[in-house]
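Asker: The listed protein sequences correspond, in order, to chains S and P. All letters in the first sequence, in the order written, are residues 5 to 351 by the numbering used here. All letters in the second sequence, in the order written, are residues 5 to 351 by the numbering used here. The beta carbon of each residue, even a glycine, is placed where N, CA and C say it ideally should be.
Number of protein chains: 2
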Amino acid sequence: MEAQLRRVRIVLIGLGNLGCRFVGLLADKREELIASFGLEFVLVAAADSKGAAVSPQGLDGRTLVALKERGESVAALPGVGRLGMTGLQLLEAVDADALCEASPVHIEAGAEPGLSHIRTALKHGMHVVTPNKGPIVLAHQELVALAREHGVMLRFDGTVAGGLPALNLGTRDLRGALIHRIEAVPNLTTGFVLDLLVRGATMDEAIEQAGAIGALEADPNWDLDGWDAAAKLVILAKAVLGVDASLQDVRREGIRNVDVDSLRKAHAEGRLVRLVAIAERLEDGTYAVSVAPIELPSDHPLGRLGEKEMGIVYETDIFGRITALINEPTPLPSAATMLRDLLDIYG
Amino acid sequence: MEAQLRRVRIVLIGLGNLGCRFVGLLADKREELIASFGLEFVLVAAADSKGAAVSPQGLDGRTLVALKERGESVAALPGVGRLGMTGLQLLEAVDADALCEASPVHIEAGAEPGLSHIRTALKHGMHVVTPNKGPIVLAHQELVALAREHGVMLRFDGTVAGGLPALNLGTRDLRGALIHRIEAVPNLTTGFVLDLLVRGATMDEAIEQAGAIGALEADPNWDLDGWDAAAKLVILAKAVLGVDASLQDVRREGIRNVDVDSLRKAHAEGRLVRLVAIAERLEDGTYAVSVAPIELPSDHPLGRLGEKEMGIVYETDIFGRITALINEPTPLPSAATMLRDLLDIYG
Numbered sequence: 005m006e007a008q009l010r011r012v013r014i015v016l017i018g019l020g021n022l023g024c025r026f027v028g029l030l031a032d033k034r035e036e037l038i039a040s041f042g043l044e045f046v047l048v049a050a051a052d053s054k055g056a057a058v059s060p061q062g063l064d065g066r067t068l069v070a071l072k073e074r075g076e077s078v079a080a081l082p083g084v085g086r087l088g089m090t091g092l093q094l095l096e097a098v099d100a101d102a103l104c105e106a107s108p109v110h111i112e113a114g115a116e117p118g119l120s121h122i123r124t125a126l127k128h129g130m131h132v133v134t135p136n137k138g139p140i141v142l143a144h145q146e147l148v149a150l151a152r153e154h155g156v157m158l159r160f161d162g163t164v165a166g167g168l169p170a171l172n173l174g175t176r177d178l179r180g181a182l183i184h185r186i187e188a189v190p191n192l193t194t195g196f197v198l199d200l201l202v203r204g205a206t207m208d209e210a211i212e213q214a215g216a217i218g219a220l221e222a223d224p225n226w227d228l229d230g231w232d233a234a235a236k237l238v239i240l241a242k243a244v245l246g247v248d249a250s251l252q253d254v255r256r257e258g259i260r261n262v263d264v265d266s267l268r269k270a271h272a273e274g275r276l277v278r279l280v281a282i283a284e285r286l287e288d289g290t291y292a293v294s295v296a297p298i299e300l301p302s303d304h305p306l307g308r309l310g311e312k313e314m315g316i317v318y319e320t321d322i323f324g325r326i327t328a329l330i331n332e333p334t335p336l337p338s339a340a341t342m343l344r345d346l347l348d349i350y351g
Numbered sequence: 005m006e007a008q009l010r011r012v013r014i015v016l017i018g019l020g021n022l023g024c025r026f027v028g029l030l031a032d033k034r035e036e037l038i039a040s041f042g043l044e045f046v047l048v049a050a051a052d053s054k055g056a057a058v059s060p061q062g063l064d065g066r067t068l069v070a071l072k073e074r075g076e077s078v079a080a081l082p083g084v085g086r087l088g089m090t091g092l093q094l095l096e097a098v099d100a101d102a103l104c105e106a107s108p109v110h111i112e113a114g115a116e117p118g119l120s121h122i123r124t125a126l127k128h129g130m131h132v133v134t135p136n137k138g139p140i141v142l143a144h145q146e147l148v149a150l151a152r153e154h155g156v157m158l159r160f161d162g163t164v165a166g167g168l169p170a171l172n173l174g175t176r177d178l179r180g181a182l183i184h185r186i187e188a189v190p191n192l193t194t195g196f197v198l199d200l201l202v203r204g205a206t207m208d209e210a211i212e213q214a215g216a217i218g219a220l221e222a223d224p225n226w227d228l229d230g231w232d233a234a235a236k237l238v239i240l241a242k243a244v245l246g247v248d249a250s251l252q253d254v255r256r257e258g259i260r261n262v263d264v265d266s267l268r269k270a271h272a273e274g275r276l277v278r279l280v281a282i283a284e285r286l287e288d289g290t291y292a293v294s295v296a297p298i299e300l301p302s303d304h305p306l307g308r309l310g311e312k313e314m315g316i317v318y319e320t321d322i323f324g325r326i327t328a329l330i331n332e333p334t335p336l337p338s339a340a341t342m343l344r345d346l347l348d349i350y351g
């Protein structure tokens, strides 16, 4: 539709599940994005934990994905690989338009190295898109200010509920509304574990099975103790509610101590138990934020969520009650949020 | 948050249910919009079917609403009323930044007078926001081109499913995705009638009750024969799928001939019957578009809709299956889409 082809030079840091799927997606959609938006996204550099690869002409996405699937580092790419080069060094070395930051979430480590990647890219005048919760939880206000100062954009729609545009809905479509209450089921892993418990597994067995299919983070406490849901709630509070909440503000109860008998009874009676993140507006205009396992009746908008589903409910003054749900059988939708964010910037 | 106050001069044409609620909303939210967005929306003119009122300093919203509630025309406003002035004359006479077009839907009459209002405003370099389906169904492509030619914006998020941002979701958050299928329940009235039938009413009684609470359009066929749902599907097809569909392309079956025994049986067995609008991508890349009463099982994402709820399901290649639902107890959310659209333009 566009007359002129725009070439957008992308740096991708983080080549785990999301990063690799994103590379594959850009390769698969290349012709379509050119035809529909006049946009040619060129991956001029990529980094993983062992090194990087740089090519101003563009790295071949399919070659890169195949290499990673064999368990090798991107640094092994012939001719363009740089063994030991870090993400930060890469950002200093390369001329690019946008950073896609998909390194692992390490909130307990000050959200590094992701936070430094994002700071550096913004300071270099690059747009940033990221599904990495850590930097947004710890430094949302600073990063938004930094982006504004440097005249670039920061987008992080993938940080809250995988491929569900929960943030976009709140920040764009509900502007002008007063939000009385947010309820979200923003995490698949805890639902998976809860469903296993319902079906007869012990907590240890359920956790083991979740680990076996790769559903748990390196630190299983992150999901099970509700930190992941709390982090997502903090992002919603900051970006949608304009509240400067921190992880410490969230009254947090995970699923480890859930009573299995009550859980099975609830299920038998048609109520779904999920780890629910809630922000509720109080009389004084502040919001109480909490994460806890809750029994959702079947007529609750989140009460029929399947195993691969997440959702969010916004209760508002002028837009009624709006619910958004996603069925996400693979992590592809989560990876695709980086494309959504890029098209929000360039489309 | 914004340092500078921007004054946006608005013309509103159409002072029915939506128009009046919008006026009230602008009055209620005035201080908040100034504080949050640095935007002062000033209603410099308004028109209904009997006349208009013009005030460069801004009409008082609450006075205007009170007048309309007494059944009078805006032309009766002391000092500023212009008896007999049409919307078109108003647009020629007034200097303004944006038109809010909320006149009644009259597709069978060539979508007039709404279509001419929108054309004229765009040609005068005004942005246009509208929940009026008619002009978009009949002239989407022309109006989009006209807006582009004059460097202004046209927004119509309220045309599809009341206050649900069904269009925004499709046009913004699903960009870059291939949409395999859309299923929508975009109409409250037919659901209301179907539920009355389930509860024992005859079709005539149900239609009478729907009319009595003001749920039916002046022409009840518009809802009951599926024209309203078909119009909304055509807008989705044009704006989201990029398909130039027309009302004639929609295979349309309304609810008049629904078999009441089957309906009650479905309900007793936990299936919800709703008039569903479907766009399905075919092998050849085109979309089959249809509207018909369908039995939705309780595990269908639209299968638990309540009496005041509408919804849409997008099945996509890269974002999984995304569902959005709205519970809209009053028409306020539909009216508020004009504010959403204005903030999309100015926010």
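Compare the C-beta of aspartate 52 of chain P with all C-beta atoms of chain S and state if any pair is closer than 9 Å.
Answerer: no
Asker: Using a Cβ-Cβ cut-off of 6 Å (strictly less than) and excluding sequence neighbours within five positions of glutamate 332 of chain S, which residues of its own chain qualify?
Answerer: Gly166, Gly167 and Lys312
Asker: List in chain order: all unbroken beta strand (DSSP E) runs of 3+ residues lying wholly within the segment 291-351 of chain S.
Answerer: 291-300, 313-320 and 325-331
Asker: Using beta-carbon positions only, say whether leucine 103 of chain S and valine 15 of chain S come within less than 9 Å of one another.
Answerer: yes
Asker: Across the segment 28-44 of chain S and the segment 330-345 of chain P, are there enough close Cβ pairs to call them in contact, namely three or more that are closer than 8 Å?
Answerer: no
Asker: Within 10 angstroms of the Cβ of leucine 71 of chain S, are there 16 or more other Cβ atoms? Answer buried if so, exposed if not.
Answerer: Residue burial is scored here from C-beta neighbours: leucine 71 of chain S has at least 16 other C-beta atoms within 10 angstroms and is therefore classed as buried.
Asker: Which full runs of the beta strand (DSSP E) of 3+ residues lie inside the segment 129-213 of chain S, going along the chain?
Answerer: 131-133 and 183-189
Asker: Give the straight-line distance between the Cα atoms of leucine 198 of chain P and histidine 304 of chain S, rounded to the nearest whole angstrom.
Answerer: 22 Å
Asker: From leucine 306 of chain S to glutamate 76 of chain P, what does the alpha carbon distance come to, in whole angstroms?
Answerer: 45 Å
Asker: Counting only the same chain and skipping the five closest in sequence on each side, list residues whose C-beta sits under 6 Å from that of methionine 5 of chain P.
Answerer: With a pLDDT of only 46 at methionine 5 of chain P, under 50, the local geometry of the prediction cannot be trusted, and the value read off the model is given with reservation. Here the set comprises nothing.
Asker: Just to confirm the assignment, what range does the alpha helix (DSSP H) spanning glycine 118 of chain S have?
Answerer: Looking at the DSSP string, the run of the alpha helix (DSSP H) that includes glycine 118 of chain S is 118-127.
Asker: Does the distance from the CB of leucine 173 of chain P to the CB of isoleucine 322 of chain P come in under 9 Å?
Answerer: no
Asker: Using beta-carbon positions only, say whether glycine 83 of chain P and alanine 56 of chain P come within less than 9 Å of one another.
Answerer: no
Asker: Residues of chain P with CB under 8 Å from isoleucine 14 of chain S, in chain order?
Answerer: Listed along the chain, the chain P residues whose CB falls inside 8 Å of the CB of isoleucine 14 of chain S amount to none; the nearest CB is some 14 Å away.
Asker: Using a C-beta cutoff of 9 Å, does lysine 1 of chain S count as contacting chain P?
Answerer: Residue 1 of chain S cannot be examined here, being either before or after the span of chain S that is shown, 5 to 351.
Asker: Could you tell me whether the segment 102-122 of chain P touches the segment 130-140 of chain P, using the rule of 3 or more Cβ pairs below 8 Å?
Answerer: yes
Asker: Could you tell me the boundaries of the beta strand (DSSP E) in which alanine 102 of chain P lies?
Answerer: 102-105
Asker: On the three-state DSSP scale, how would you describe isoleucine 38 of chain P?
Answerer: helix
Asker: Tell me the residue span of the alpha helix (DSSP H) that contains arginine 25 of chain S.
Answerer: Segment 21-32, the alpha helix (DSSP H) holding arginine 25 of chain S.
Asker: Assuming contact is defined by CB atoms lying nearer than 9 Å, are aspartate 348 of chain S and methionine 207 of chain S in contact in what I supplied?
Answerer: no
Asker: Answer yes or no: do glycine 162 of chain S and methionine 314 of chain S have a C-beta to C-beta separation smaller than 9 Å?
Answerer: no
Asker: Between the segment 174-184 of chain P and the segment 227-237 of chain P, are three or more C-beta pairs nearer than 8 Å?
Answerer: no
Asker: How is arginine 13 of chain S classed by DSSP in three states: helix, strand or coil?
Answerer: strand
Asker: In its own chain, which residues sit with a C-beta less than 6 Å from the C-beta of glutamate 284 of chain S, not counting the 5 before and 5 after it?
Answerer: Arg185 and Ala292
Asker: Measuring CB to CB, does valine 78 of chain P end up less than 9 Å from leucine 346 of chain P?
Answerer: no
Asker: Relative to chain S, which residues along the segment 322-333 of chain P have a C-beta separation below 8 Å, given in chain order?
Answerer: Ile322, Phe323, Gly324, Arg325, Ile326, Thr327, Ala328, Leu329, Ile330, Asn331, Glu332 and Pro333
Asker: Using a cut-off of 9 Å between C-beta atoms, extract the partners of asparagine 21 of chain S located in chain P.
Answerer: Think of a sphere of 9 Å around the beta carbon of asparagine 21 of chain S: no beta carbon from chain P falls inside it, the nearest being about 15 Å out.
Asker: Among P/Leu251, P/Leu245, P/Gln93 and P/Leu286, which residue has its Cα nearest to the Cα of alanine 50 of chain P?
Answerer: P/Gln93
Asker: Could you pull out every residue in the same chain whose Cβ sits closer than 6 Å to the Cβ of valine 277 of chain S, ignoring the five residues on either side in sequence?
Answerer: Leu198, Leu267, Ala270, Pro297 and Glu299
Asker: Can you grab the Cα-Cα spacing for the pair lysine 54 of chain S / arginine 11 of chain S, in whole Å?
Answerer: 28 Å
Asker: Starting from arginine 268 of chain P, trace the alpha helix (DSSP H) in both directions and tell me its first and last residue.
Answerer: 264-272
Asker: How long is the line joining the alpha carbons of alanine 219 of chain S and glutamate 212 of chain S, rounded to whole angstroms?
Answerer: 10 Å
Asker: Looking only at its chain, what residues have a beta carbon closer than 6 Å to the beta carbon of alanine 31 of chain S, apart from the 5 residues adjacent to it on each side?
Answerer: Gly65 and Arg66
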